[in-house]
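Asker: Counting with the working numbering, you get residues -19 to 196 for the letters of the sequence shown.
Note that the Cβ used here is the ideal one computed from N, Cα and C, for glycine as well.
In this text the structure is predicted, and so the values were computed from the model without any measurement.
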Amino acid sequence: MSESINFRDVQKRTMQLSEFEDGLWDLLIGSIFMVLAFYPVTRELLGPTWNLALFLFLLAFVVVGHLVARHFISGPRMGYVQPRRTPQMRLLLVVMAVMVLLTLGLVLLTLFSPGRLSSGSEPSIPPLVRSYGVEWMVVFVMGAIFSVMGYRFGVARLYFYGWMLGLANLASVYMAHTAGWTFPVPAAIAAGIILVIGFTLLLRFLRNYPIRTQEA
-19 MSESINFRDV QKRTMQLSEF EDGLWDLLIG SIFMVLAFYP VTRELLGPTW NLALFLFLLA
41 FVVVGHLVAR HFISGPRMGY VQPRRTPQMR LLLVVMAVMV LLTLGLVLLT LFSPGRLSSG
101 SEPSIPPLVR SYGVEWMVVF VMGAIFSVMG YRFGVARLYF YGWMLGLANL ASVYMAHTAG
161 WTFPVPAAIA AGIILVIGFT LLLRFLRNYP IRTQEA
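(1) Just checking my contact of L7 with L147 at CB under 8 angstroms: how many whole Å lie between their CB atoms?
(2) The alpha helix (DSSP H) spanning E24 covers which residue range?
(3) Can you tell me whether DSSP reads P166 as helix, strand or coil?
(4) Between the Cα of G142 and the Cα atoms of M155, G130, Y154, F126, which residue gives the shortest distance?
(5) For A136, which of helix, strand or coil comes out of DSSP?
(6) Expressed to the nearest angstrom, what Euclidean distance is found between the alpha-carbon atoms of S54 and A136?
(7) In whole angstroms, what is the alpha-carbon distance linking P166 and A124?
(8) Classify N149 as buried or exposed, calling it buried when 16 or more other Cβ atoms lie within 10 Å of its own Cβ.
(9) What's the C-alpha gap between L200 and V128?
(10) Residues in the same chain with beta-carbon distance under 6 angstroms from L138, minus the five sequence neighbours each way, listed in chain order, please.
(11) With G45 and G178 assumed to form a contact (beta carbons below 8 angstroms), what rounded beta-carbon distance in angstroms separates them?
(12) What are the boundary residues of the alpha helix (DSSP H) that P56 is part of?
(13) Could you compute how far the alpha carbon of F120 sits from the alpha carbon of I169?
(14) Do T158 and P20 come within 8 angstroms of each other at the CB atom, strictly closer than that value?
(15) Classify E1 as buried or exposed, calling it buried when 16 or more other Cβ atoms lie within 10 Å of its own Cβ.
(16) Please state whether DSSP places I174 in a helix, a strand or coil.
Right, here's the structure in full:
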């Protein structure tokens, strides 16, 4: 029993080192949600169609940049060993796929239902009567997804990310309907916090794991 427990601990620590130690995953998540925060602003400037094209381009750029950074930053320091498809690895891939699909779904919703994001599009419904059931559902879904990841991978900050992002989305929607905010300040602040944490972890990773030069 002790051997199996130790083996699971080794697997969990390996996932922490390979996926979360360098801060690049945090930078990826923070960048995606920062792009989403600017989505309503660029939508008014470019229109829904061109804004969707810009978002897809930025999303692809961020994902490719993440993969390139992992190859050139983490690879030389942690090695290029191909990890075995453990349940934790499959969970991470599933969660990332779900996050991308939810993001694209939200973007497509704003594209085909532009009135939902307009603060003046619902004049017949007073702000105090407006229901936020969907936003509260997003809070619990985001909190649950990141909490499961935090538990399975042993990364405590993921609990904080999930609930912070969900509540920030709720606050952004509330301010958009009650105060007419075009730019979702709470969502941008949440994404900025994740980016700061990611950059801090990346700097610590570069300091703790320097590239070893081989002497002839």
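Answerer: Considering the structure as presented:
(1) Rounded, the Cβ-Cβ distance is 21 angstroms, inconsistent with contact.
(2) 4 to 26
(3) helix
(4) F126
(5) coil
(6) 21 angstroms
(7) 20 angstroms
(8) buried
(9) The chain is shown only over -19 to 196; residue 200 falls outside these bounds and no answer can be derived.
(10) F126, M129, G130
(11) About 13 angstroms; that fails the 8 angstroms criterion.
(12) 55 to 58
(13) 19 angstroms
(14) no
(15) buried
(16) helix
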